[in-house]
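Residue numbers (the numbering used here): 189 to 420.
Below is one structure, written out as structure tokens, with a few remarks after it.
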């Protein structure tokens with residue numbers, strides 16, 4: 189009974205995290221009830237898979253450390269790639285000869301990079317770590333912190349950034365030099381001064397810090413100690 193109760197907090201967090209984030213992500217393409225239902229279905233699936241893995245101590249340790257390493261990679265891509273992209277766009281807007289076509293061409297490559305970073309992080313890495321890493325200790329605190337920061341980041345993105353996107357179809361055909369008003373529109377729509385990159389760096393730092401608390405090393409150490417205390 190106690191074991192079942194211990195499973196409730198991570199599953200509840202995974203459910204809230206996945207349903208809200210995926211609901212916001214999919215509501216642009218699907219009716220909101222459908223988007224929320226898909227999010228709930230994925231929360232159940234990833235929760236059950238993570239619980240199955242957690243029951244296998246060695247496999248769980250390797251998967252947990254693997255997800256932490258993957259989280260470091262995805263958030264480094266998002267944090268540093270995003271920061272460089274904002275710097276490039278901001279510098280380009282200070283040019284006296286920049287056109288709408290050039291601005292759109294510079295911005296579009298950032299979309300697949302953001303997708304490559306966000307999709308595994310929100311669908312697998314954070315939900316999986318919340319279940320696999322749910323045990324007393326520093327790592328659980330770090331995983332919850334990363335999930336909360338990422339949750340705030342995604343809600344911020346969908347509620348503030350997404351509605352302001354430009355009509356790229358019209359802008360990418362414009363070869364005329366941007367006026368001051370058009371530059372202001374680009375800067376506002378692309379949120380050049382958006383401080384979300386700070387959250388990206390914080391999430392990356394949390395993942396990086398959690399890598400120092402290796403679960404594989406912990407499990408290997410406990411197995412070695414058990415073998416020494418019970419020699420054949």
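Glycine included, each C-beta is placed from N, C-alpha and C at the ideal position.
Note that the coordinates shown come from a computational prediction; the quantities given were computed from them, not determined experimentally.
query, result
"Closest Cα partner of residue 282 within the set 386, 231, 370, 397", "370"
"Cβ-based burial, residue 200 [other Cβ within 10 Å; buried from 16]", "exposed"
"Classification of residue 345 by the beta-carbon crowding that lies within 10 angstroms, buried from 16 upward", "buried"
"Residue 345 in three-state terms, based on DSSP", "helix"
"Proximity of residue 270 and residue 298 at Cβ, strictly below 9 angstroms", "yes"
"Residue 400 burial status per 10 Å Cβ neighbour count (16 or more: buried)", "exposed"
"Residue 244 - containing alpha helix (DSSP H), residue span", "Counting along the chain, residue 244 falls outside any alpha helix (DSSP H), and DSSP gives it neither H nor E."
"Three-way DSSP call (helix, strand, coil) for residue 279 in this model", "helix"
"Alpha helix (DSSP H) segment containing residue 290, residue limits", "288-295"
"Pair within 9 angstroms by beta-carbon distance, residue 212 and residue 342", "yes"
"Candidates 319, 237, 263: closest to residue 338 by CA position", "263"
"Inter-residue CB distance, residue 248 and residue 320 (contact presumed, cutoff 8 angstroms)", "6 angstroms"
"Between the CA atoms of residue 276 and residue 246 - distance to the nearest angstrom", "45 angstroms"
"Through-space distance from residue 374 to residue 280, alpha-carbon basis", "11 angstroms"
"N-terminal and C-terminal residue of the alpha helix (DSSP H) that residue 369 is part of", "368-377"
"Rounded straight-line distance, which links the Cα of residue 266 to that of residue 305", "6 angstroms"
"Beta-carbon proximity of residue 402 to residue 334, cut-off 9 angstroms", "no"
"Which listed residue (219, 251, 376, 312) has its alpha carbon closest to that of residue 231", "312"
"Buried or exposed by the 16-neighbour rule on C-beta atoms within 10 Å, applied to residue 307", "exposed"
"Contact check, residue 315 vs residue 238, beta carbons under 9 angstroms", "yes"
"From 243, 300, 326, 372, residue whose alpha carbon lies closest to that of residue 395", "326"
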